Amino acid sequence: MADKDMNPLSDATVLALHALAWTLVEPARADRLIALTGIDPLDLRARAAEPPVQAAVLVFLESHEPDLIACAAALDVKPEVLVEARQRLEA
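Residue numbers for the sequence shown, in our numbering: 2 to 92.
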């Protein structure tokens, strides 16, 4: 990524929502997210815009490096950008 200020995904909220969408595309990964976070699908849908839920999605990705790397590649950002987004959401 050349300049993260030029990329609309640099905003932590937008980035987290894109990461959530990426996570939910694969049913096995989506099931793992639900199982590990304890957020049921209806609650996830209702609360997706909340920073703590967005941060939980990013923590989920951080906990499994292959997913973190694959998500970052799909979003065209470095994995560190996802980690930084989580930190901003938790602040």
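All residues carry an ideal CB built from backbone N, CA and C; glycine is no exception.
As the structure is a computational prediction, the values presented were derived from the model and not from experiment.
Burial state of residue i (16 or more Cβ within 10 Å)
i: LEU21; result: buried
i: ALA57; result: buried
Cβ separation of residue i and residue j, assumed to be a contact under 8 Å, to the nearest whole Å
i: CYS72; j: LEU90; result: Not a contact, Cβ separation roughly 15 Å.
i: ALA13; j: ALA86; result: 4 Å
C-alpha distance - residue i paired with residue j, whole-angstrom precision
i: ASP4; j: LEU69; result: In this prediction, ASP4 has a pLDDT of 49, which is less than 50 and means its spatial position is unreliable; nothing more can be read from the coordinates.
i: LYS79; j: ALA50; result: 23 Å
i: LEU62; j: ASP44; result: 19 Å
i: LEU59; j: PRO28; result: 17 Å
i: THR94; j: GLN55; result: Only positions 2 to 92 of the chain appear in this structure, which leaves residue 94 out of reach.
i: ARG33; j: GLU81; result: 22 Å
i: LEU16; j: VAL26; result: 16 Å
i: ALA31; j: TRP23; result: 9 Å
i: GLU66; j: LEU76; result: 15 Å
Local conformation of residue i per DSSP, three classes
i: ALA50; result: coil
i: LYS79; result: coil
i: ASP41; result: coil
i: ASP12; result: coil
i: ALA3; result: Here ALA3 scores only 46 on pLDDT, less than 50, and its place in the model should not be relied on; the value that follows carries that caveat. Note: ALA3 maps to coil in three-state DSSP.
i: ALA92; result: coil
i: GLU85; result: helix
i: GLU66; result: helix
Residue i Cβ short of 8 Å to the ligand MG heavy atom set
i: GLN88; result: Summarising the ligand content, the structure contains no ligands, and the ligand MG is consequently not present.
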